[in-house]
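Residue numbers (our numbering), protein chains in the order written: chain V, 17 to 271; chain R, 17 to 271.
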């Protein structure tokens, strides 16, 4: 088995470039992941694994890793260069992005979707995808200006759900104007319908940016405005929390 | 107005110690915050402000800051030492903790509460407190091993709600065994009741640690087990997302 001891090895340099650059991920169609659990989730979902890097101590604990595609040993110094974790797990993989069903023709006009318009926090985007998976939603629709789906932070927060849930990246305003789905802008204005009183079959709930929410122009691109009735003093909810409640309302309506 | 130019000034050293150490915050009963919005929220809720540090450029833009308690100018070098933000906002305050109603006698036996058992992520704890505020819950109950309520990360995620929502810190198992509230362990096991089918008046929903959830022993300390019905493939929800959905169910039941 090949062993890489140099941090300047070309394969390590390629890994680091893809790990650190969204542009490089988009150009190459590749991404990286860390940890056995994410690797197993990726494999189970048919993600093509190009190369797996493993430390000697990790391989000793998990000898079955020897059969992974392009398995390559790395020294601890190399691990120190490539790991993005406070507590490195010893396993790293270079993967090819799945051909996700980004063709909008695959939108189910009777389905239930959540749309994220310019969310910037990878933890929020990842956790929404995980929740969409748990709630059995038809898919997640991201605006082009959302943070990168394939950063390690997003992948970690999504915990494997990213490989399972249909995710569509769109120019959001055009999408909303053209889709057969009823689109609900999630806002906090008093003219909005309560989120408990709208039908969610053939619908998409649209969540705005963490700091700004949806602008009036963005809300106007939707079919209607909805709101989560609040009784307390906070002016609004965190974007991911609002998304969780709306996804749950969608699932709840179908219980 | 006093101006501090030295990073070694005793007041700056005190600020940094309190900002960086949970132990120091607990011993002194003080905490720090950054930014005008959080400062205003703290003042509005009656938090005693001991000292406000401001940069000259910030004071020029906001001359009304001159009237704040213990207002002190700081140089940019000093700001560089005390700021915990990527984009510093020029205003920093040393505050005294509110005497929060931690006396368990103040628990409302008809109220609705959320309890967090050993949550470690300050963003999760803060966003749950913000959501509890929005949903009009009676309070938040934290186990002693949760992350510090008064770290800047928690304060930021709570966005002022921390100053408004009653928060109780308890030895959780003892609390659950002694409380008059009906306690619901949030779990993903099939023997749990659907979260839509239990009464939430006089109740507390209990959320477990981010990585482990609630152990069987922890769940056994509660009156009953509840679960959020899931239709998809994800095995579980992020702790804060699960808390959001249960808090919403509590508010929804009272709509």
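The C-beta atom is built at its ideal place from N, Cα and C for all residues, glycine as well.
Boundaries (first-last residue) of the alpha helix (DSSP H) holding residue 268(V):
255-269
I'd like to know if residue 133(R) contacts chain V, where contact means its C-beta is closer than 8 Å to some C-beta of that chain.
no
Per DSSP, the bridge partner or partners of residue 201(V):
222(V) and 241(V)
Going by the DSSP bridge assignment, what does residue 87(R) pair with across the sheet?
Note: residue 87(R) sits in no beta bridge, so no partner.
Can you name the residues that DSSP bridges to residue 129(R)?
155(R) and 220(R)
At a CB distance below 9 Å, what residues from the segment 238-269 of chain R approach chain V? Give them in sequence order.
244, 245, 246, 247, 248, 249, 250, 251, 252, 253, 254, 256, 257, 258, 259, 260, 261, 263, 264, 265, 267 and 268
When DSSP labels each residue in this structure, what does residue 110(V) get in the three-state scheme?
strand
Residues of chain R with a CB under 7 Å from the CB of residue 102(V): which are they?
The contacting residues do not exist; residue 102(V) stays about 13 Å from chain R at best.
List the residues of chain V whose Cβ lies closer than 9 Å to the Cβ of residue 208(R), in chain order.
Near residue 208(R) there are no residues of chain V at all, since even the closest Cβ is about 15 Å away, more than 9 Å.
Alpha-carbon to alpha-carbon, residue 121(V) and residue 101(R):
43 Å
Within the segment 24-88 of chain V, ranges of the alpha helix (DSSP H) (whole runs, at least 4 residues):
26-36, 38-44, 52-60 and 72-77
Buried or exposed for residue 225(R), going by 16 or more other Cβ atoms inside 10 Å?
buried
Give every residue of the same chain whose Cβ lies closer than 7 Å to the Cβ of residue 162(V), excluding the five residues on either side of it in the sequence, and list them in chain order.
132, 134, 135 and 141
Going along the segment 31-52 of chain R in order, which residues come within less than 8 Å of chain V, judged by CB to CB distance?
none
Give the residues from the segment 177-192 of chain R that approach chain V closer than 9 Å (Cβ to any Cβ), ordered along the chain.
177, 180 and 181
With burial defined as no fewer than 16 other Cβ atoms inside 10 Å of the residue's Cβ, what is the status of residue 106(V): buried or exposed?
buried
Here's the rule I'm using: 16 or more other beta-carbon atoms within 10 Å means buried, otherwise exposed. How should residue 170(R) be labelled?
buried
In the structure shown, what three-state DSSP assignment does residue 98(R) receive?
helix
Contact check, residue 268(R) vs residue 249(V) under 8 Å by CB: the rounded distance?
Between residue 249(V) and residue 268(R) the Cβ distance is about 18 Å, and since that is not below 8 Å, they are no contact.
Which one of 187(R), 220(R), 143(R) and 130(R) has the shortest CA to CA distance from residue 251(V)?
143(R)
For residue 123(V), does the three-state DSSP call read helix, strand or coil?
coil
Cβ separation of residue 125(R) and residue 182(R), assumed to be a contact under 8 Å, to the nearest whole Å
So it is not a contact: roughly 14 Å between Cβ atoms.
Excluding sequence positions up to five away, which residues of its chain have a Cβ less than 6 Å from the Cβ of residue 159(V)?
133, 134 and 188
Short check: CB of residue 146(V) to CB of residue 52(R), under 8 Å?
no
When 154(R), 149(R), 155(R) and 167(R) are compared against residue 139(R), the one with the closest alpha-carbon:
167(R)
For residue 144(V), the first and last residue of its enclosing alpha helix (DSSP H):
138-150
What residues from chain V crowd round residue 146(R), counting only those whose CB sits closer than 9 Å?
250, 252, 253, 254 and 257
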